[in-house]
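K.L.:
One structure, as structure tokens, below. Some questions next.
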Amino acid sequence: MNWKGRILVLAVGLVLFGGAFLSGNVSRAQKQTAPTPTPTPEIENDDEPIKIDTEVVNVLFTAQDKNRRLLTDLKREDVRLLEDGQPQEITAFGRQVDLPLSLAILIDTSASQERTLPDEKSAAKSFLESVVRPAKDEVSIVSFTGEATLEQGMTSNIARLQRAIDRVQFVPPSGYVGGGVVVGTPPVSGTNQTTQGSTAIWDAIFVTSDEVLGPAPEKTRRAIILLTDGVNTYGKKKLDEAVQAALKSEAVIYSIGIGDNFYSGVDEGALRKISERTGGRAFFPRDEVELRRAFDQIQVEMRSQYLIAYEPVNQKRDGSYRTIEIQLANPDLQKQKVTLTHRKGYFAKTDKKK
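Taking our numbering, the leading residue of the sequence shown gets 83, the next gets one more, and so forth.
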């Protein structure tokens, strides 16, 4: 055999030997370092539940005593949870005090708000200064009459938000001369006089829930702060549709009912309904001091909530609406007339079409 042949044989032998050696080492390494099962982490305080193949439902709630003082020491065994009347196993429970906020402030600029709008804007600006944490929370500003206008998209820049509030102005209908008086005028080219002289509250909530809060990051607390008299006079959407949109985006609605008795006053029933069904509250301040107090209370509640997580017994992904009820299981708390506030239901997910 010549020298080239010897080298070729030697090279082939080394390759075969090396492959066998590596194969043996890999096999032994796999046996020695077989991964151990990772335990499922428990949720504590501000950690969110880890979502896997099964659907996990997260429900935020507040607990208040009969004097409306917030309770901050509830335990898992103090409550029970039902979905469609059926008991559910709670998989996670804890206080939520530091989640990022994604808020939308909706401001009614129709004729009924002409005299109250300056106080609303001032209180909203003070609220922003006290609640927004730069680089953590985000807020958007939406004004509405017969149609909604996004004055400022989601941002944590307080200066931009305040400038957006400054831009919010009362929108007089065509022919409006002040004090609720409208004189007849010919149609104005290029304008929608119907929307100018109307209030589409449910439309504004629907589009805000869907287009502004819907795309917000998953691990945020979403809320709408609604400044209006609650008198809906126009629009394509109904109250129930606005509630559904808020529930689908997991947004809580806090209503601040402010109106002018010269018009229709405040529709307290409508504002209570839309707030309570989404897990929020309605406030009806009588002056500027109470208005600012309402904003303060909203801030405290958003920072003092509990999170319950559970895997529904009904795991069908059919998009159906399912009711949620959180009840007190602790007899002592029942005697104290503790009130639990939470959203009343949710829409199940649907399987994505392939």
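Ideal placement from N, C-alpha and C gives every residue a C-beta, glycine not left out.
Using 8 Å as the threshold, is the region 357 to 377 in touch with the region 320 to 338, meaning 3 or more CB pairs across them?
P.N.:
yes
K.L.:
Buried or exposed for Val24, please, with buried defined as at least 16 other CB atoms from any protein chain shown within 10 angstroms of its CB.
P.N.:
There is simply no residue 24 to check, as the chain begins at 83 and stops at 436 in what is shown.
K.L.:
Say whether the region 282 to 296 touches the region 240 to 252, bearing in mind that this needs 3 or more beta-carbon pairs closer than 8 Å, one atom from each stretch.
P.N.:
no
K.L.:
Roughly how many angstroms lie between the CA atoms of Val420 and Gln387, to the nearest whole one?
P.N.:
14 Å
K.L.:
With a cut-off of 8 Å on the beta carbons, I'd call Leu373 and Ala205 a contact; round off their distance for me.
P.N.:
5 Å
K.L.:
Thinking C-beta only, is Phe377 closer than 9 Å to Val348?
P.N.:
Not in contact: Val348 and Phe377 (Cβ atoms no closer than 9 Å).
K.L.:
Judging by CA-CA distance, which residue of Gln409, Pro413 and Thr432 is the nearest neighbour of Gln168?
P.N.:
Gln409
K.L.:
On the three-state DSSP scale, how would you describe Val139?
P.N.:
Three-state DSSP puts Val139 in a strand.
K.L.:
Roughly how many angstroms separate the alpha carbons of Pro297 and Arg363, rounded to a whole number?
P.N.:
24 Å
K.L.:
Where DSSP assigns a beta bridge to Thr405, which residues make up the other side?
P.N.:
Gly427
K.L.:
For Glu393 and Tyr403, what's the separation of their Cα atoms in angstroms?
P.N.:
Taking the straight line joining both Cα atoms gives about 16 Å.
K.L.:
Would you call the CB atoms of Leu185 and Ser222 closer than 9 Å?
P.N.:
yes
K.L.:
State the Cα-Cα distance for the pair Glu383 and Asp147, rounded to the nearest angstrom.
P.N.:
13 Å
K.L.:
Can you name, in chain order, every residue of its own chain whose Cβ lies under 7 Å from the Cβ of Arg158, other than the five neighbours on each side?
P.N.:
Cβ within range, chain order: Ile172 and Phe175.
K.L.:
What did DSSP end up calling Val263 once you bin it into helix, strand or coil?
P.N.:
Residue confidence is low: Val263 scores 48 on pLDDT, short of 50, so the model does not pin down where it sits. No coordinate-derived value is stated.
K.L.:
Using 9 Å as the threshold, is the C-beta distance between Ser291 and Ile307 below it?
P.N.:
With contacts defined as CB atoms closer than 9 Å, Ser291 and Ile307 fail to qualify as a contacting pair.
K.L.:
Taking only runs that begin and end inside the region 285 to 325, name each unbroken beta strand (DSSP E) of 3 or more residues, in chain order.
P.N.:
303 to 310
K.L.:
Am I right that Leu210 and Leu188 are in contact with their C-beta atoms under 8 Å? What's the rounded C-beta distance?
P.N.:
Not really, about 14 Å apart at Cβ, beyond 8 Å.
K.L.:
With a cut-off of 8 Å on the beta carbons, I'd call Leu142 and Arg385 a contact; round off their distance for me.
P.N.:
Incorrect: roughly 12 Å between the Cβ atoms, too far for contact.
K.L.:
Where does Arg368 land, buried or exposed, given buried means 16+ other C-beta within 10 angstroms?
P.N.:
exposed
K.L.:
Would Val179 be called buried (16 or more neighbouring beta carbons within 10 Å of its own) or exposed?
P.N.:
The residue in question, Val179, is exposed, as its Cβ has fewer than 16 Cβ neighbours within 10 Å.
K.L.:
Taking C-alpha atoms, which residue in Thr198, Gly341 and Ile287 lies nearest to Lys330?
P.N.:
Ile287
K.L.:
Alpha carbon to alpha carbon, how far is Leu232 from Ile406? Give it in angstroms, no decimals.
P.N.:
32 Å
K.L.:
How many whole angstroms separate the CB atoms of Thr191 and Leu199, which I take to be in contact at a CB cut-off of 8 Å?
P.N.:
7 Å
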